[in-house]
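Colleague: The structure's right below; bear with me while I get my questions together.
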Amino acid sequence: MLKPVNILLVGVGGQGTILATRVLAKAAQDAGYDIKVSEIKGMAQRGGSVVTQVRLGQKVYSPLISEGGADVILAFEKMEARRWLPYLKTDGHIIVNDQAIHPVPVLTGAAEYPADCLEKVKAATPHAIVVDALNIALACGNPKAANVVLVGVLARRLPIPKETWQAALKARVPEKFIEVNLKAFEEGYSI
Amino acid sequence: MKELLSGNAAIARGAFEAGVTVAAGYPGTPSTEILENFAKYPDIYAQWSPNEKVALEVGAGAAIAGARVLVTMKHVGVNVAADPLFTLSYTGVNGGLILVSADDPGMHSSQNEQDNRYYALMNKIPCLEPADSQEAKDMVAVGLEISEQFDTPVMLRVTTRVSHSQSFVEINEPGPKTIRPYTKDPLKYVMVPANGRMRRVFLEERTAKLKEYSENCPLNFIEWADRSLGIITGGISYHYIKEVLPQASVLKLGLTNPLPANLIKQFAAGVEQVLVIEELEPFLEMQIRALGIEVKGKELIPSFGELSPVIIARALAGAGIKVADEFLPRESNSRVPVQETTPLPGRPPVMCPGCPHRGVFYTLKKQKLIVTGDIGCYTLGSASPLNAMDTCICMGASIGAALGMEKANPEMARRTVAVIGDSTFLHSGITGLLDVVYNGGTSSVLILDNRTTAMTGHQDNPATGQTLMGKPAPEVDLEALVKALGVHRVRTVDPMDLAAMDAAVKEEVAAPEPSVIIVKRPCALLKKSAAAEPVEVDREACINCGICLNLGCPAISRRENKAYVTAIQCNGCGLCIQVCKKGALKKRGEQHA
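Just so you know, the sequences run in chain order A and B.
The first sequence begins at 1454 in our numbering and counts up by one.
The second sequence begins at 450 in our numbering and counts up by one.
So, in C-alpha cells, the structure goes:
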C-alpha cells in the first residue's frame, strides 16, 4: 500500500491558511484519495501561529504528522517556515512565502526577528522554493490571494490534475473572488 | 455520498439524521462548532444557554417530554452541569439524550486538563468514545438508542483531535423525527428522597444490563493479528496504534463505560502481552487491572498532554517493543536541523488591533491594581506587555475571588478589581456579584461588554439581541440587572475614552461599597464595528519614548528609532493617540501638530 503524502501548512492567523487547506482537501477528495485534516489553531483570533496538517493516500489512520514526517511544508510566512523545519522529512520539499510578519514580542522590541530565515531553510533541504507570493498576488489584483499563489506552487507538485484544483478553488472561494484567485493560482502553478 | 467533515460537524449531522429535534449548549473550545452546524438544519430547535447547567436542564426537560436531545459543552462545562447530570442519571429519560463532553488533552485552549470519562463512571452512565468523524456521527445514533433502551443519559466523549480533525463521513438521509408520548410519572421524575432511593436501585439494575450490552456491543471489537502483543485502546489513540504498531492485535473500545469484562478477558487470554494505550488518565487500565489482568499502561505512556504516534512510538521503543520504522529517531546525518540553536520569537495570542479590552487593561496596569480575571478574550490582558491580571480560575470566578481577597485582607478591597465579560457574567458571574452584595463586600467589578461571546468566535448570548438560530431576542439590560442584584453604584463607560476610564476606575475602587462599571464597546471583529481611518505617525514629533508600544497593539512597532503604525493592521481605534504625550500620532487626514 502506498504511504500517505504528508503536507504541513503553516502561517499566521489571517493569512488564509485554513482556506488553502480546504482547497487542498477538496482537490484531494475529488482526486479519489482518503484524507485526514487536522487544524491546530492557536487561542488568538488574529496574529497567532496557525498550523494545519493534511494527509492523503489510499488509507490514512492518524490525522497527525510527526516530526520529520512531512513530505511538503507550505509556509505562508518565513519565520514560521523555519520554526516548523524539524517536521520536514530529510528529502522533503518546502515552499516558502518570502514575507515577514512580526509577532508582538518583536513589535515591542522584546525579541528580534531572525534575519536568516531563508538561509536556514535553504540549508536544511535542497528542495526549497522561495516565492514572493504577496507581490504576485498584488499584481493579480488582491494581496489577500497570496495564499492561493502558494497553493498553485504546491499544486504542480502533487499527483492531482490541474482541472481538479481549479474546480476545488471554485467550490471553496467566495464567488466574487474567484477570478482573481484563479489568476493567482495560475501564477503559482507556473513557478 | 461521502463528505469530509470535522468530528464536530459529524456529530451535528449524526444528530440530524437520528431525529434529534432539541439541542442546547454553551460555546467552548473544542465543542463550539457542534451546535453551530446543527442549528443550520431544517425543522430542529437549537439554542445557546447562558451556561452548561441550564443547557442540560433544558435538555432534560425536552428528553422527558419525549424528544431526542443533544447537549454540548467542553470538559470544564461538565463541571458546571454536574449538578443536574448526577440526578438526571437517576430520573433517566424518555426520548434519548446525548451529552457531548469535548475534552482538551494538551490544553490547547483550556484552563485545565481533565478526563471526563470519570464523570460517566461516577454517574453510572454509558460513555462512547469515537476515534474519527465517521464514528462520531455513528455513535450519536447508537447513543440515542442506548439512551432510550436503557433509560439513561449517554455521554459522548470526544477530544480536541477528534473534534477538530476532518475525515470522510457517509452522509445519509435523515430518519423520521419521532416524539415519544409523555406520561406523568412522579416516582421516576420527582427526585424526593423516597423516590430517589427507588431509582438508586434502578441504577444498579441498569448498570448490570449495560455491562451485558457492552459485551456484545459492535462498538467494542477485536482485530486479531500478531498474538505476541495485544493493545487495548479507544478514541483517537486507536488510529495512532494502527500506524505505530500495524502488526499488533487490537481490542478497540468504543463503549468505555461500562467496560466489557468478558471481552477484555478473552482478548487478554489470546495474546502474550497486553498494553493499554489511552490519552490522559489510566481510566481503562485501572479497571482492567481490577479484573485481575496483568497489563502495562501508564508506566510507559504519559498520563498528561495529548498523545501522538511519535510519543507512543518512542515510549514503546524505549521498552523494547518493535514499532514502525518511520517513527524511530532520525539519523544524525539528516540535513534538516532538528533543533534550532537560538530560540525563535514566539507568536503569543494577542488582543486584536482596535480591541476594546486594551484600554481597560492599560488603565488597570497604570493604576497598579490587583486584577482578578475570568475566562474569555480579556484573559489575554494577562499577557505582556500589559501583564494586568492576577488570577484566572474558571468561568465566573473573578468576582468571588475578588470578594475572597477582600475578606482575607480588607486593605486589598481598595486596590482590587474583578474583570468579567458580558457572556461570562451572564454564564455565572451574576451569582458572584449577588454574593458581594449579600455578604457586605465592596468589590469593584468591570463587566467588559463587547456585545458578543468573542473568544469562541462570536456566539450570541442573552445580551446580543439574537439567538443561535438568528431570531431577534430581547437584549438583557445589564445596568438594570446589576441594580436589581442590589448594586447602587453602576455606570457605563466607553473603554476607548482613556480619561473617562481612568476616572471611573479610580472613583469606583475608592468607593467603600459594591460597584459595577459596564465597559461597553463592540468587539473589533464584529462586522458591525466599522473601522476608522488608520493612525499616522509624525516622525518629527515622535521622541521614541515607547509609551504607545506598551499598549501591545499588533499594529504599532518601532522603525528607525520612531514609532511606526502598519496601516493595513490599524483599525483606527485611536487609543495610541490618547497615550502619546507629544501628539505624534494622528488620524490620517488630520493636521499634525
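Cβ atoms here follow ideal geometry from the backbone N, Cα and C, with glycine treated the same way.
All of these numbers come straight from a predicted model, not from anything done at the bench.
Once you ignore the five residues that flank Leu1024 of chain B on each side, which residues in its own chain have a CB closer than 8 Å to its CB?
Modeller: So the list reads Arg807, Gly808, Tyr811, Met945, Leu947, Leu1000 and Cys1002, once near-sequence residues are dropped.
Colleague: Identify every residue that forms a DSSP beta bridge with Met604 of chain B.
Modeller: B:Leu548 and B:Cys576.
Colleague: List, in chain order, every chain A residue whose beta-carbon is nearer than 9 Å to that of Glu775 of chain B.
Modeller: Per Cβ cutoff of 9 Å: Lys1456, Ser1519, Gly1521 and Gly1522.
Colleague: Confirm, please, whether the CB-CB distance from His876 of chain B to Met844 of chain B is below 9 Å.
Modeller: The answer is yes: Cβ separation under 9 Å.
Colleague: Quick test of the definition: if touching needs 3 or more C-beta pairs under 8 Å, does the segment 571-579 of chain B touch the segment 491-506 of chain B?
Modeller: The segment 571-579 of chain B vs the segment 491-506 of chain B: no contact.
Colleague: Taking the alpha carbon of Lys1036 of chain B as the point to measure from, which residue in B:Lys1011, B:Phe716 and B:Ala981 has its own alpha carbon closest?
Modeller: Closest by alpha carbon: B:Ala981.
Colleague: Report the start-end ranges of each alpha helix (DSSP H) in the segment 919-966 of chain B that is 4 residues or longer and not cut off at the edges.
Modeller: Runs of the alpha helix (DSSP H) inside the segment 919-966 of chain B: 927-933 and 947-959.
Colleague: With a threshold of 16 other CB atoms inside 10 Å of the CB of Asn910 of chain B, please say whether the residue is buried or exposed.
Modeller: Under this definition Asn910 of chain B is a buried residue.
Colleague: For Pro1596 of chain A, which residues of its own chain have a beta-carbon under 7 Å away from its beta-carbon, when the five flanking residues on both sides are left out?
Modeller: Closer than 7 Å at Cβ, skipping near neighbours: Leu1587 and Ala1590.
Colleague: Given this structure, state the Cα-to-Cα distance separating Glu1640 of chain A from Val1602 of chain A, to the nearest angstrom.
Modeller: Cα to Cα, the separation comes out at about 6 Å.
Colleague: Could you name each continuous beta strand (DSSP E) segment of 3 residues or more that falls completely within the segment 1012-1040 of chain B, going from the start of the chain to the end?
Modeller: Qualifying beta strand (DSSP E) stretches, in chain order: 1034-1036.
Colleague: Are the CB atoms of Asp823 of chain B and Gly870 of chain B nearer to each other than 9 Å?
Modeller: Cβ distance < 9 Å, so Asp823 of chain B and Gly870 of chain B count as in contact.
Colleague: Go to Val1633 of chain A, then tell me how far its alpha helix (DSSP H) extends in each direction, as first and last residue.
Modeller: Here the alpha helix (DSSP H) through Val1633 of chain A covers Ile1631 to Tyr1642.
Colleague: Might you give, ordered along the chain, the residues of its own chain that have their beta carbon closer than 6 Å to the beta carbon of Lys1624 of chain A, omitting 5 neighbours on each side?
Modeller: Before going further, note that residue 1624 of chain A is Ala rather than Lys in the sequence given. Excluding positions up to five away in sequence, the list reads Lys1479.
Colleague: Measuring only the C-alpha atoms, how far is Asn782 of chain B from Asp1551 of chain A?
Modeller: Caution applies to Asn782 of chain B, whose pLDDT of 44 falls short of 50 and renders its modelled position unreliable; the value that the coordinates give is listed next. Going from the Cα of Asn782 of chain B to the Cα of Asp1551 of chain A covers about 28 Å.
Colleague: Look at the alpha carbon of Leu702 of chain B and the alpha carbon of Phe753 of chain B, and state the distance between them as a whole number of angstroms.
Modeller: Leu702 of chain B and Phe753 of chain B: Cα-Cα distance of roughly 20 Å.
Colleague: Any C-beta of chain A within less than 8 Å: which residues of the segment 610-623 of chain B qualify?
Modeller: Those residues of the segment 610-623 of chain B that come within reach of chain A (Cβ to Cβ, closer than 8 Å) are Arg610, His613, Ser614, Gln615, Ser616 and Phe617.
Colleague: Thinking Leu882 of chain B and Val968 of chain B are a contact (beta carbons under 8 Å), I'd like their distance in whole angstroms, please.
Modeller: Not confirmed; about 15 Å, so no contact.
Colleague: Below 7 Å between beta carbons is the criterion; list the residues of the segment 991-1006 of chain B that meet it against any residue of chain A, in chain order.
Modeller: If the cut-off is 7 Å between Cβ atoms, the segment 991-1006 of chain B has Leu998, Gly1001, Pro1003, Ile1005 and Ser1006 near chain A.
Colleague: Does Asn1459 of chain A come out as helix, strand or coil in the three-state DSSP assignment?
Modeller: If DSSP states are grouped into helix, strand and coil, Asn1459 of chain A belongs with the strands.
Colleague: Alpha carbons only, please: which of A:Thr1470, A:Val1583 and A:Val1490 is nearest the one belonging to Arg1508 of chain A?
Modeller: The shortest Cα separation from Arg1508 of chain A among A:Thr1470, A:Val1583 and A:Val1490 belongs to A:Val1490.
Colleague: Less than 8 Å between the CB atoms is what I'm expecting for Arg1609 of chain A and Tyr1642 of chain A, so what's the real figure, rounded?
Modeller: Confirmed, about 5 Å.
Colleague: Can you tell which of B:Ala488, B:His524, B:Ile966 and B:Val529 has its C-alpha closest to the C-alpha of Glu506 of chain B?
Modeller: Comparing Cα-Cα distances from Glu506 of chain B to each of B:Ala488, B:His524, B:Ile966 and B:Val529, the minimum goes to B:Val529.
Colleague: Would you please state the rounded distance, in angstroms, between the beta carbons of Val965 of chain B and Gln816 of chain B? I believe it to be under 8 Å.
Modeller: Between Gln816 of chain B and Val965 of chain B the Cβ distance is about 17 Å, and since that is not below 8 Å, they are no contact.
Colleague: Does Met647 of chain B pass the burial test, meaning 16 or more other C-beta atoms within 10 Å, or should it be called exposed?
Modeller: Exposed, by the Cβ-count rule.
Colleague: Answer yes or no: do Val939 of chain B and Val931 of chain B have a C-beta to C-beta separation smaller than 9 Å?
Modeller: Yes.
Colleague: Please go through the same chain and pick out, in chain order, the residues whose beta-carbon is closer than 7 Å to the beta-carbon of Arg566 of chain B, but skip the five residues on each side of it.
Modeller: Excluding positions up to five away in sequence, the list reads Cys576, Arg606, Thr705, Asn706 and Phe732.
Colleague: What does His688 of chain B touch in chain A if you count any residue whose Cβ is under 9 Å from its own?
Modeller: What His688 of chain B touches in chain A: Lys1489, Val1513, Tyr1514, Ser1515, Pro1516 and Leu1517.
Colleague: Is it the case that the Cβ atoms of Leu829 of chain B and Val799 of chain B are separated by a distance below 9 Å?
Modeller: In contact: Leu829 of chain B and Val799 of chain B (Cβ atoms closer than 9 Å).
Colleague: Taking 9 Å as the CB-CB cut-off, is Pro1558 of chain A touching chain B?
Modeller: Yes, Pro1558 of chain A lies at the interface with chain B (some Cβ there is under 9 Å from its Cβ).
Colleague: For Gly1594 of chain A and chain B, any beta-carbon pair shorter than 9 Å?
Modeller: No, Gly1594 of chain A does not count as interfacial toward chain B.
Colleague: Within 10 angstroms of the Cβ of Glu584 of chain B, are there 16 or more other Cβ atoms? Answer buried if so, exposed if not.
Modeller: Flag for Glu584 of chain B reads buried.
Colleague: Roughly how many whole angstroms lie between the Cα atoms of Leu453 of chain B and Pro758 of chain B?
Modeller: Cα to Cα, Leu453 of chain B sits roughly 22 Å from Pro758 of chain B.
Colleague: Quick one: grab the DSSP three-state call for Met647 of chain B.
Modeller: If DSSP states are grouped into helix, strand and coil, Met647 of chain B belongs with the helices.
Colleague: Applying the 10 Å Cβ sphere with the 16-neighbour rule, what's the burial state of Pro921 of chain B?
Modeller: The residue is exposed, with fewer than 16 neighbouring Cβ atoms inside 10 Å.
Colleague: In terms of alpha-carbon separation, which member of B:Arg1008, B:Pro971, B:Leu974 and B:Gln1027 lies closest to Ile996 of chain B?
Modeller: Among B:Arg1008, B:Pro971, B:Leu974 and B:Gln1027, the Cα nearest to that of Ile996 of chain B is on B:Gln1027.
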